[in-house]
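The next block holds one structure in the form of structure tokens; read it before the comments.
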Amino acid sequence: MSLHALYPGSFDPLHNGHLDIIRRSSRLVARLTVAVLYNPLKSTARLPIETRLAVLREATAELPNVAVETFEGLLIDYARARGAHAVVKSLRNAADFEYEAQMAHLNRQLSGGLETLFLLAAPAWSFVSSTRVSELWRYGADVSALVPEATLKVLRAPKASPG
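Here my numbering is used: position 154 in the sequence shown is 144, and no number is missing along the way.
Structural data, given as structure tokens:
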């Protein structure tokens, strides 16, 4: 069986921690779909969904087994529809583990067997989150060491809103 995994998230904005997990997990599976959650009821998005998809596609262009898509609704329904066998989640700390373990158990039970693969965040990125990147950007900090070039171009664009 060739393993197809999903790496779900908002990626708002994409940062180097995300990209590290994408690269590392793409070496472990035959196909990786980066699944950007679209929630039309959520008005707190910093970047439009189309921008996030474009940034992810540019940042992962050199990874032939990585696709970028958007989904809404339950992850288990999306996984079933796409024929995915597993979900990739990154763990930065114990709080991430507590939350993600609960979600993994629920997803596995409700789906009839969808597995979750946990990857520890690389130490260099264990403190980085989209919220912190946006906060730093909003206050004028240089975030170039925290995000890939594709994200930086969008943040530096005149129409970009730091959140």
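Built from N, CA and C at the ideal position, the CB exists for glycine as well.
Measure the C-alpha to C-alpha separation of residue i and residue j and round it to an integer number of angstroms.
i      : j       : result
Thr23  : Arg42   : 14 Å
Ser119 : Gly7    : 8 Å
Arg36  : Leu109  : 26 Å
Val45  : Arg98   : 30 Å
Gly103 : Leu136  : 35 Å
Phe117 : Ser(-8) : 33 Å
Ser16  : Asn55   : 7 Å
Ala94  : Lys79   : 9 Å
Asp2   : Gln92   : 23 Å
Ser0   : Ala85   : 18 Å
Arg82  : Leu4    : 16 Å
Lys143 : Leu64   : 31 Å
For residue i, write down the residues that DSSP places opposite it in a beta bridge.
i       : result
Leu107  : Val78
His(-6) : Arg21
Ala57   : Thr23
Gly(-1) : Val26
Counting only the same chain and skipping the five closest in sequence on each side, list residues whose C-beta sits under 8 Å from that of residue i.
i     : result
Ile66 : Asn97, Leu100, Ser101 and Leu104
Leaving out the 5 sequence neighbours to the left and right, which residues in its chain are closer than 7 Å to residue i when beta-carbon positions are compared?
i     : result
Ile39 : Val26, Tyr28 and Thr60
Leu9  : Ala49 and Pro138
Counting only the same chain and skipping the five closest in sequence on each side, list residues whose C-beta sits under 6 Å from that of residue i.
i      : result
Val19  : Leu(-7) and Ala(-5)
Gly130 : none
Say whether the region -5 to 2 touches the region 73 to 88, bearing in mind that this needs 3 or more beta-carbon pairs closer than 8 Å, one atom from each stretch.
-> Touching, per the Cβ criterion.
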